[in-house]
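To keep things clear, I will list the structure first and then write my remarks on it.
There are 2 protein chains.
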Amino acid sequence: MADSQFDVLCIGNAIVDVIAHAEETFIGDNDLVKGAMTLIDAERADALYGRMGPGMECSGGSAGNTAAAVAMLGGRAAYFGKVRDDQLGQVFRHDIRASGVSFDTAPAGDGPPTARCLILVTPDAERTMNTYLGACVDLGPEDIDETVTAGAKVTYMEGYLWDPPRAKDAFRKAMSIAHEHGRKVSLTLSDPFCVDRYREEFLHLVEREVDILFANEDEIISLYQAADFDEALQHVRGHCEIAALTRSEKGSVVISGDEVHVIDAAPVDTVVDTTGAGDLYAAGFLHAWSQGWSLHDCGQAGGICAAEIISHIGARPEANLKDLMQAALGRS
Amino acid sequence: MADSQFDVLCIGNAIVDVIAHAEETFIGDNDLVKGAMTLIDAERADALYGRMGPGMECSGGSAGNTAAAVAMLGGRAAYFGKVRDDQLGQVFRHDIRASGVSFDTAPAGDGPPTARCLILVTPDAERTMNTYLGACVDLGPEDIDETVTAGAKVTYMEGYLWDPPRAKDAFRKAMSIAHEHGRKVSLTLSDPFCVDRYREEFLHLVEREVDILFANEDEIISLYQAADFDEALQHVRGHCEIAALTRSEKGSVVISGDEVHVIDAAPVDTVVDTTGAGDLYAAGFLHAWSQGWSLHDCGQAGGICAAEIISHIGARPEANLKDLMQAALGRS
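Chains as they are written, first to last, in our numbering: chain A, 909 to 1240; chain B, 909 to 1240.
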């Protein structure tokens, strides 16, 4: 196996987040699904944006957040995702590259604009996401750079890639290339509603294709339609080489064969906005894994990164993640 | 004099802020003027953006920030400023309207894109602004709505309006309409370098036209080329009906005829980003003034709003300004 060119390649929907504070009543009044990611069309996006309060724009996208954080941790990160050649696309491109991520997916020259996610943050710090996929619908197998994929230690992909029409073909192509070159494939289940939409395909992936699985409690329970977390945990054992299951303030559980690690959550002063918690957990975990750390330490690294992101608005890190990791674990 | 339709009309450069953290060395390495607002052309903006870290986009513009805050305080606010009909223009329009401001200036249908200000926030919380004026160069007298101007208790304008070619004509037209209808005209000197650029014109305005002047210590010293703040203060006495002079952590001094009020700064836990401090001081002051509060209370109201904005990133309020004012002064 050739030396790796990248530690972590992330593939996902390239999205600019539009974040606004909202009262609890706004969620009900606008028929939003609290805490979930709901897909919306252009018309609904315009209407909802018109009713939202003043916003703040930050680059986002689940796997994009993960890639940015891996790079900020000092890892070699690459990203594939589709924007349009418009102002928000320029913002996305700038931000991910400025984080240190290699990003060269060609922007769409026509068609829908760069994707945006309208995020309402309620006083309980919960985020409710409403995604207009825009240019993401143009991501296809032609956007999977074979050399980059073959040269990445792990290729990490969002379950959300099952939403746009051709992105799952891109996903499958990347998975094949990675495995052909002896690399690992990692998946996040993304969202319990996303799991509902694609349960059979996700079960197949988890059982046969995915080496490193990320899921939160709701997602893994949904995948197996289990009664509780413990039942879901018994199902996932043995299916993936590694499963990292996050449980919010209860920390995470990492499983690999007979190994089970129960890891406490990292401390947080005030939870401000939970957007990106799972993305950052994956970043810390995969960065640590790519450096050969123990699974216990990978889980801890994930928790430290998740704690940073939920302590402020937005899903891209503000603090120096390397310094945080160094302070907490004595290495980064 | 007819009843007023608006409490405060604000006119300024309509700008989207792009805010990034930067190390102290970045300022010197890129020949930036620390703490100031420097005008840059499109080419320089592209080059600087390319070197900046990941950003966060927030609507800004000095008078735009003031208008948004007046509306959030419960005042009736209107705004005139020029964006283009592009994505950042839509962001600006959305945000100011969502704050409760009446904003109907027609966007430019061609020409340069919506203005942006590349803001570097250094670890000392100081902000260094680099403004590409873009579509702001298209603001002209035709954008001054006579009915709105005639119906606003006070028309507040930025000194920055002297930068784009035709905005000063818009400024003069608005000033004439306001005075013809017995309304007040207010000016902020904006920036000491801006004062350097237009000292003679600003002196003329302050001596003959402006009713309510806002300036910080550096700006008022620059205007009169005075040796110190006290000397500048003696110059300004008698020139304007009201002068509100801000002094950062030393609070503010409000002068009107023989009245002089020295007002302590409102407490701040941690200063995070000083962007918008002057804009928010003006908002609190003018809102209080439009309700007939005493000058002392106007100064206090300004200080409370300034304290909110410097405690977080961005120049549009995050906390409920009405509640803050109510808690601190027992009314809003």
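Positions of the beta carbon are idealized from the N, C-alpha and C atoms, including for glycine.
Does any residue of chain A have a CB that is nearer than 8 Å to the CB of residue i?
| i | result |
| --- | --- |
| B:Y1106 | no |
| B:M960 | yes |
| B:H1002 | yes |
| B:V978 | no |
| B:Y1040 | no |
| B:S1219 | no |
| B:G1192 | no |
| B:V1168 | no |
| B:Y957 | yes |
| B:S1164 | no |
| B:A1006 | yes |
Can you tell me whether residue i is helix, strand or coil according to DSSP?
| i | result |
| --- | --- |
| A:C1148 | coil |
| B:Y987 | strand |
| A:R1224 | coil |
| B:M1083 | helix |
| A:Y1040 | strand |
| A:K942 | coil |
| A:E854 | In this structure chain A extends from 909 to 1240, so residue 854 of chain A is not present and cannot be described. |
| B:D1046 | helix |
| A:Y1106 | coil |
| A:R952 | helix |
| B:E1216 | helix |
| A:A1135 | coil |
| A:R992 | strand |
| B:A1075 | helix |
Quick one: what's got a C-beta closer than 8 Å to residue i's C-beta in the same chain, skipping five residues either side?
| i | result |
| --- | --- |
| B:D1231 | S1240 |
| B:A1235 | none |
| A:D1119 | V1062, K1092, V1093, S1094, C1148, E1149 and I1150 |
Using a Cβ-Cβ distance under 8 Å, would residue i count as near chain B?
| i | result |
| --- | --- |
| A:C966 | yes |
| A:R1224 | yes |
| A:Q995 | yes |
| A:G920 | no |
| A:G963 | yes |
Would you mind working out which of the options sits nearest residue i, comparing C-alpha positions?
| i | options | result |
| --- | --- | --- |
| B:G1048 | B:A1058, B:P1072, B:I1027 and B:I1120 | B:P1072 |
| B:K990 | B:D1099, B:E1139, B:D1018 and B:Q1199 | B:D1018 |
| B:T1096 | B:I1150, B:I935 and B:A1043 | B:I1150 |
| A:F934 | A:W1197, A:H1089 and A:T1030 | A:T1030 |
| B:V1144 | B:D1136, B:I1163, B:D1003 and B:A977 | B:I1163 |
| B:N921 | B:Y987, B:G983 and B:D937 | B:Y987 |
| B:N938 | B:V1168, B:M1037, B:R1001 and B:F1122 | B:M1037 |
| B:G1165 | B:G1238, B:E951, B:F1110 and B:L1203 | B:L1203 |
| A:I923 | A:F1000, A:A977, A:R984 and A:G982 | A:F1000 |
| B:D1104 | B:Q1133, B:D1119, B:F1079 and B:G969 | B:Q1133 |
| B:I1212 | B:D993, B:M1233 and B:H1220 | B:M1233 |
| A:D961 | A:E931, A:D1177, A:G968 and A:A1123 | Checking the sequence shown, residue 961 of chain A turns out to be Gly, not Asp. Closest option to A:G961, Cα to Cα, is A:E931. |
| B:Y1064 | B:E1117, B:I1027 and B:Y1106 | B:E1117 |
| B:M980 | B:A1135, B:A1215, B:R1005 and B:A1174 | B:R1005 |
| B:A971 | B:H929, B:E1054 and B:C1044 | B:C1044 |
Mind checking which residues open and close the beta strand (DSSP E) that includes residue i?
| i | result |
| --- | --- |
| A:L1026 | A1023 to V1029 |
| B:E1167 | E1167 to I1171 |
| B:D902 | An answer regarding residue 902 of chain B cannot be provided, because it is not within the stretch 909 to 1240 covered by chain B. |
| B:M964 | M964 to S967 |
| A:I1052 | Where A:I1052 is concerned, there is no enclosing beta strand (DSSP E), given that its DSSP letter is neither H nor E. |
| A:L1188 | Per DSSP, A:L1188 belongs to no beta strand (DSSP E); it is in the alpha helix (DSSP H), A1185 to S1198. |
| B:V1162 | S1160 to S1164 |
| A:T974 | Not the beta strand (DSSP E): A:T974 falls in the alpha helix (DSSP H), residues S970 to M980. |
| B:E1157 | First-last for B:E1157: undefined, no H or E at that position. |
Quick check on the DSSP output: the alpha helix (DSSP H) that includes residue i runs from which residue to which?
| i | result |
| --- | --- |
| A:H1002 | Q995 to A1006 |
| A:L1131 | E1125 to Y1132 |
| A:D877 | In the structure displayed, chain A extends from 909 to 1240; residue 877 of chain A sits before or after that span and is not available. |
Quick one: residues in its chain with C-beta nearer than 6 Å to the C-beta of residue i, no 5 flanking neighbours on either side, listed in chain order?
| i | result |
| --- | --- |
| B:V1161 | L1153 and V1170 |
| A:P1100 | D1126, E1127 and S1130 |
| A:D949 | none |
| A:R1024 | V924, V926 and Y1040 |
| B:G1210 | Y1189, G1192 and F1193 |
| A:A1140 | I1128, I1129, Y1132 and A1134 |
Within its chain, find whatever has a CB closer than 7 Å to the CB of residue i; leave out the 5 residues flanking it on each side and keep chain order.
| i | result |
| --- | --- |
| A:I1217 | G1184, A1185, L1188, A1223 and P1225 |
| B:L947 | T1039, L1041 and D1071 |
| A:Q1208 | I1171 and L1237 |
| A:G943 | E1034 and T1036 |
| B:T1182 | A1033, E1034, R1035 and I1218 |
| A:S1198 | D915, V916, G983, K1061 and V1062 |
| A:K1076 | L1069 and W1070 |
Any C-beta of chain D within less than 9 Å: which residues of the stretch 1176-1203 of chain A qualify? Absence of chain D from the displayed structure is noted, the protein chains being A and B.
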